[in-house]
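Residue numbers (the working numbering): 5 to 142.
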């Protein structure tokens, strides 16, 4: 079994084995894409609350992985402070917070939304992840 993994190039680098923060940061994009793939499936099934919860989870999970933080305890103010400390532009931070606030509103307020709003938020979340990745958080 080990030989198969070595052959496919899936063996982790020494840095990834020894440094958890490095490993999480390196895998953050992959995990975000996986989570957004789940979001896309939820959009097709029409489960709105789960759709918005998963987008929020994808965004916070990406930030948590990049900054080596626990995603469960992250709040918007803390995210903004951490990103400002890493010199991320105000535009990127405000767009991220806007996405998170919209997710929270749609999850907890009794409002109906249409497919176009869901599609737009999905695109904004994707762009926020791209912009944060370009900011070199780790």
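Note that CB positions come from ideal geometry on N, CA and C, so glycine has one too. Note that the structure is a prediction, hence the values are computed from the model and not measured.
- As for any beta strand (DSSP E) of minimum length 3 sitting wholly inside the segment 28-111, there is none.
- Here the alpha carbon of residue 74 sits roughly 15 Å from the alpha carbon of residue 87.
- Residue nearest to residue 118 within the set 41, 36 and 51 is 51 (criterion: CA-CA distance).
- Residue state for residue 118 is assigned as coil, using DSSP reduced to three classes.
- For residue 40, the closest of 134, 77, 97 and 138 by C-alpha to C-alpha distance is 134.
- Comparing alpha-carbon positions, the option among 106, 76 and 68 lying closest to residue 124 turns out to be 106.
- Across the set 114, 61 and 47, the C-alpha of 61 shows the shortest separation from the C-alpha of residue 76.
- DSSP, read as helix, strand or coil, puts residue 132 in helix.
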